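Data block below; observations after.
2 protein chains.
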Amino acid sequence: MFRLDDRLAADTVVLGRFPLSLLLLMNDARFPWCILVPRREGVTEIHRLGADDRAALLAESCRLAERMQAAFGADKMNVAALGNVVPQLHLHHVARFRGDAAWPHPVWGRGPAVPYAPEALAAARRTVAEGLGGGFEAAS
Amino acid sequence: MFRLDDRLAADTVVLGRFPLSLLLLMNDARFPWCILVPRREGVTEIHRLGADDRAALLAESCRLAERMQAAFGADKMNVAALGNVVPQLHLHHVARFRGDAAWPHPVWGRGPAVPYAPEALAAARRTVAEGLGGGFEAAS
Numbered sequence: 001m002f003r004l005d006d007r008l009a010a011d012t013v014v015l016g017r018f019p020l021s022l023l024l025l026m027n028d029a030r031f032p033w034c035i036l037v038p039r040r041e042g043v044t045e046i047h048r049l050g051a052d053d054r055a056a057l058l059a060e061s062c063r064l065a066e067r068m069q070a071a072f073g074a075d076k077m078n079v080a081a082l083g084n085v086v087p088q089l090h091l092h093h094v095a096r097f098r099g100d101a102a103w104p105h106p107v108w109g110r111g112p113a114v115p116y117a118p119e120a121l122a123a124a125r126r127t128v129a130e131g132l133g134g135g136f137e138a139a140s
Numbered sequence: 141m142f143r144l145d146d147r148l149a150a151d152t153v154v155l156g157r158f159p160l161s162l163l164l165l166m167n168d169a170r171f172p173w174c175i176l177v178p179r180r181e182g183v184t185e186i187h188r189l190g191a192d193d194r195a196a197l198l199a200e201s202c203r204l205a206e207r208m209q210a211a212f213g214a215d216k217m218n219v220a221a222l223g224n225v226v227p228q229l230h231l232h233h234v235a236r237f238r239g240d241a242a243w244p245h246p247v248w249g250r251g252p253a254v255p256y257a258p259e260a261l262a263a264a265r266r267t268v269a270e271g272l273g274g275g276f277e278a279a280s
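Quick note, the sequences are listed as chains A and B, same order. Oh and the first sequence: position 5 is 5 in the numbering used here, straight run, nothing missing. Numbering-wise, the numbering used here comes out as the position in the second sequence, counting from 1, plus 140.
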């Protein structure tokens, strides 16, 4: 049975779910940063997913990236499946801006996360989740 | 008309082409590291590709990742579209090993590349390209 990895759960807030994937928001106010986690037990690589799940993940990823880039006005989206620390398959989506706290480097390993204040978290949640479509169901 | 970005061209060796993408090998002997570049002019984000190109990129990426993981015996594949420095859409595929020169961090920004010796380059080329399939045509 699928169960979200403990470290991912600790570092993020659940925004809701697509047909295949959980949608998480990294609790780091420095970057608009979302993570898709396909709800499939024991899968660590995209190429290990079946054909239908691969296509669903791609569709969910593109919808999320398009929404994030438009809603935050990002200069560039960074999309990555790394998993060296947390093997459970998860796909990062980070909205990047020229001059942000890590630019032009990737965001991983750039110092400790800065947790959201409650109002900023609520705003980020709304910005990502509203109008996402694609079968997305927001967490209550 | 599609033209490979100058910096990508300088940092890599062309291994060949899939139906959609050029397949490049990063000239850095520290990591088995390939890059797919969809041959589409002016595209900087996966979500800007049309539906057929998205599906083709996913198929080529999965075939490459599967081949690299099997051929190099990698512990983990890192697959990422970043593009903060080179905006032309390109998808990194890095075979990672516990204890490699950057583990468990991502490979970007981990010091200068170590160019391959000629024999090692030929071996890496063979290892990646042989039996890749999926419509791949090796560069001569």
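Glycine is no exception: its CB is placed at the ideal position from the N, C-alpha and C atoms. Predicted model, so just to flag it, every value in this text is computed and none were measured.
- For residue 258 (chain B), the enclosing alpha helix (DSSP H) starts and ends at 258-269.
- Contacts between residue 174 (chain B) and chain A, judged by CB atoms closer than 7 Å, are missing: the closest CB pair is about 13 Å apart.
- Beyond the five residues adjoining it in sequence on each side, residue 59 (chain A) comes within less than 8 Å, by CB distance, of 134 in the same chain, given in chain order.
- By the criterion of a C-beta distance shorter than 6 Å, residue 255 (chain B) is surrounded in its chain by 167, once the five residues flanking it on both sides are discounted.
- With 16 or more neighbouring CB atoms inside 10 Å of its own CB, residue 68 (chain A) falls in the buried class.
- Rounded to the nearest angstrom, the Cβ distance from residue 144 (chain B) to residue 161 (chain B) is 11 Å, too far for a contact under 8 Å.
- Taking the C-beta atoms as reference points, residue 72 (chain A) is found nearer than 8 Å to residue 95 (chain A).
- About 15 Å separates the beta carbons of residue 186 (chain B) and residue 204 (chain B), which is beyond the 8 Å limit, so they are not a contact pair.
- Scanning its chain for C-beta atoms nearer than 7 Å, with the 5 sequence neighbours on each side dropped, one finds around residue 124 (chain A) the residues 25, 32 and 116, in chain order.
- DSSP places residue 280 (chain B) in no alpha helix (DSSP H); its state is neither H nor E.
- CA-CA distance, residue 158 (chain B) to residue 215 (chain B), rounds to 25 Å.
- The beta carbons of residue 84 (chain A) and residue 227 (chain B) sit no closer together than 8 Å.
- Using a Cβ-Cβ cut-off of 8 Å, residue 37 (chain A) does not count as an interface residue toward chain B, since no Cβ of chain B sits closer than that to its own.
- In this structure, the CA atom of residue 139 (chain A) is about 20 Å from the CA atom of residue 29 (chain A).
- Listed along chain B are 185, each with a C-beta nearer than 7 Å to that of residue 77 (chain A).
- DSSP places residue 65 (chain A) in the helix class (H, G or I) of the three-state scheme.
- Between residue 54 (chain A) and residue 2 (chain A) the beta-carbon gap is near 17 Å, outside 8 Å, which marks them as no contact.
- Along the region 28-88 of chain A, the alpha helix (DSSP H) occurs as fully enclosed runs of 4 or more residues at 51-72, listed in sequence order.
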